[in-house]
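J.:
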Amino acid sequence: MTGTSAMDRWRGRVALVTGVSSGIGNAVARMLARAGMRVAFCGRREDRLDALAHECAGLGVEALAVKVDLRDTAEIGRLFEDVRNRWGGVDVLVNNAGLGHLAPLVDGETEQWREMLEVNVLALCVCTREAVADMRARGDDGHVVHISSMSAHRVPAGSGVYSATKFAVRALTEGLRQELRELGSGIRVSSISPGFVETEFAERYHRSRAVAEQTYGRYKVLEPGDVADAVRQVLAAPAHVEIHDILLRPTQQRG
Numbered sequence: 431m432t433g434t435s436a437m438d439r440w441r442g443r444v445a446l447v448t449g450v451s452s453g454i455g456n457a458v459a460r461m462l463a464r465a466g467m468r469v470a471f472c473g474r475r476e477d478r479l480d481a482l483a484h485e486c487a488g489l490g491v492e493a494l495a496v497k498v499d500l501r502d503t504a505e506i507g508r509l510f511e512d513v514r515n516r517w518g519g520v521d522v523l524v525n526n527a528g529l530g531h532l533a534p535l536v537d538g539e540t541e542q543w544r545e546m547l548e549v550n551v552l553a554l555c556v557c558t559r560e561a562v563a564d565m566r567a568r569g570d571d572g573h574v575v576h577i578s579s580m581s582a583h584r585v586p587a588g589s590g591v592y593s594a595t596k597f598a599v600r601a602l603t604e605g606l607r608q609e610l611r612e613l614g615s616g617i618r619v620s621s622i623s624p625g626f627v628e629t630e631f632a633e634r635y636h637r638s639r640a641v642a643e644q645t646y647g648r649y650k651v652l653e654p655g656d657v658a659d660a661v662r663q664v665l666a667a668p669a670h671v672e673i674h675d676i677l678l679r680p681t682q683q684r685g
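Here the sequence shown is numbered in our numbering, starting from 431 and rising by one per residue.
1. Looking only at DSSP bridge pairs, what is V444 linked to?
2. Among the residues of its own chain, which have a CB less than 6 Å from the CB of A445, if the five just before and after it don't count?
3. If I follow the unbroken alpha helix (DSSP H) through V513, where does it start and stop?
4. Looking at C-alpha atoms only, which residue of G655, F626, D656 and P654 is the closest neighbour of A642?
5. Using the three-state DSSP reduction, which class does R679 fall into: helix, strand or coil?
6. Which of helix, strand or coil does DSSP assign to K497?
7. State the Cα-Cα distance for the pair R443 and G519, rounded to the nearest angstrom.
8. Roughly how many whole angstroms lie between the Cα atoms of M431 and H670?
9. In whole angstroms, give me the CA-to-CA distance for V618 and V574.
10. In the DSSP assignment, what are the bridge partners of I577?
11. Between the segment 600–610 and the segment 542–561, can you find at least three pairs of beta-carbon atoms closer than 8 Å?
12. Just curious, the beta strand (DSSP E) that V522 is in, first and last residue?
13. Quick check on G473: does DSSP put it in helix, strand or coil?
14. Please determine, among R568, V450 and M580, the residue with the shortest C-alpha to C-alpha distance to A495.
15. Are three or more beta carbon pairs between the segment 534–551 and the segment 478–489 nearer than 8 Å?
16. Between M565 and the rest of its own chain, which residues show a CB-CB distance below 6 Å, the 5 nearest in sequence each way excluded?
17. Does the Cβ-Cβ distance between S623 and S578 come in under 7 Å?
18. Can you tell me whether A658 is buried or exposed? The criterion is at least 16 other CB atoms within 10 Å of its CB, across all chains shown.
19. In chain order, what residues of the same chain lie with their CB nearer than 6 Å to the CB of F510, ignoring the 5 residues before and after it?
20. Go ahead and label N550 buried or exposed: buried means 16 or more other beta carbons lie within 10 angstroms of its beta carbon, across all protein chains shown.
21. Mapping DSSP to helix, strand and coil, what is E672?
22. Measure the CB-CB distance between N526 and G455 and report whether it falls below 7 Å.
23. With a 10 Å radius around its C-beta and 16 neighbouring C-beta atoms as the bar for buried, classify T681 as buried or exposed.
24. Compare the C-alpha of V651 against each of G685, V661 and A667 and name the closest.
25. Is L532 helix, strand or coil when you go by DSSP?
26. Is L610 helix, strand or coil when you go by DSSP?
27. Just verifying my parser: in three-state terms, what is the DSSP assignment at V627?
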């Protein structure tokens with residue numbers, strides 16, 4: 431069963447989406463709001479957070495926007511406390527926040543490596559721990575969705591450290607699945623690994639708008655809404671179905 435009716439089990443429940451200032455996270459948060467979920471979201475650009483909260487209000491959906499630097503675990507803790515104080519906890523977590531730097535192993539900058547590891551791996555772990563605690567307290571039912579990358583499945587030249595963070599997400603997805611099964615929990619976990627998606631990622635990664643335009647102009651690449659549709663698919667699956675990993679490429683993408 432797919433479509434809006436399949437999302438009815440989540441209506442009125444609480445979703446938290448990280449990294450919603452633009453791109454995939456923004457599209458996912460809007461999709462969840464349209465599905466009738468209460469939506470908490472975080473990012474670092476307050477103007478964009480406020481705009482998304484205003485849009486949710488226009489849909490008649492309760493929203494909580496929090497400015498957070500995910501490299502700061504204390505700020506992550508305050509984010510979850512804000513959600514608990516408002517709604518009692520989280521039912522769905524979408525770990526979307528992530529970033530990449532073209533920082534090769536042979537001559538990359540340590541701080542760029544550190545930022546990728548802190549945001550793509552450590553923050554994901556902390557958010558997952560906090561969300562699972564909420565889900566277990568709220569009936570041991572919920573869903574954790576990691577937005578990963580095709581770089582979790584192959585290593586493009588020069589992206590060894592970035593790919594390593596996404597390979598880590600693959601391991602963390604399977605590790606969490608096994609831990610939840612050991613606990614006899616009903617919480618599901620899924621990973622979605624997109625290929626090229628037209629977002630701000632390429633410009634930041636290459637530090638060049640021209641290279642980003644070239645990257646996204648070779649053929650029709652994915653749109654953020656395509657990834658949001660994949661999130662909806664995993665959430666809408668029947669409770670006995672766990673969609674573990676979706677690899678999502680543009681049709682013309684080779685690697």
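Every residue, glycine too, gets a C-beta built ideally from N, C-alpha and C. Just so you know, these numbers come straight off a predicted model, no measurement behind them.
T.: Taking the geometry as given:
1. R468
2. L462, M467, V469 and V522
3. T503 to W517
4. F626
5. coil
6. strand
7. 9 Å
8. Model confidence at M431 stands at a pLDDT of 38, short of 50, so the residue's coordinates are unreliable; what they give is reported in the following sentence. Roughly 12 Å separates the two Cα atoms.
9. The residue asked about is misnamed: residue 618 is Arg in this sequence, not Val. Between R618 and V574, the C-alpha separation is close to 6 Å.
10. I622
11. yes
12. V522 to N525
13. strand
14. V450
15. no
16. G572 and I617
17. yes
18. buried
19. E560
20. buried
21. coil
22. yes
23. exposed
24. G685
25. coil
26. helix
27. strand
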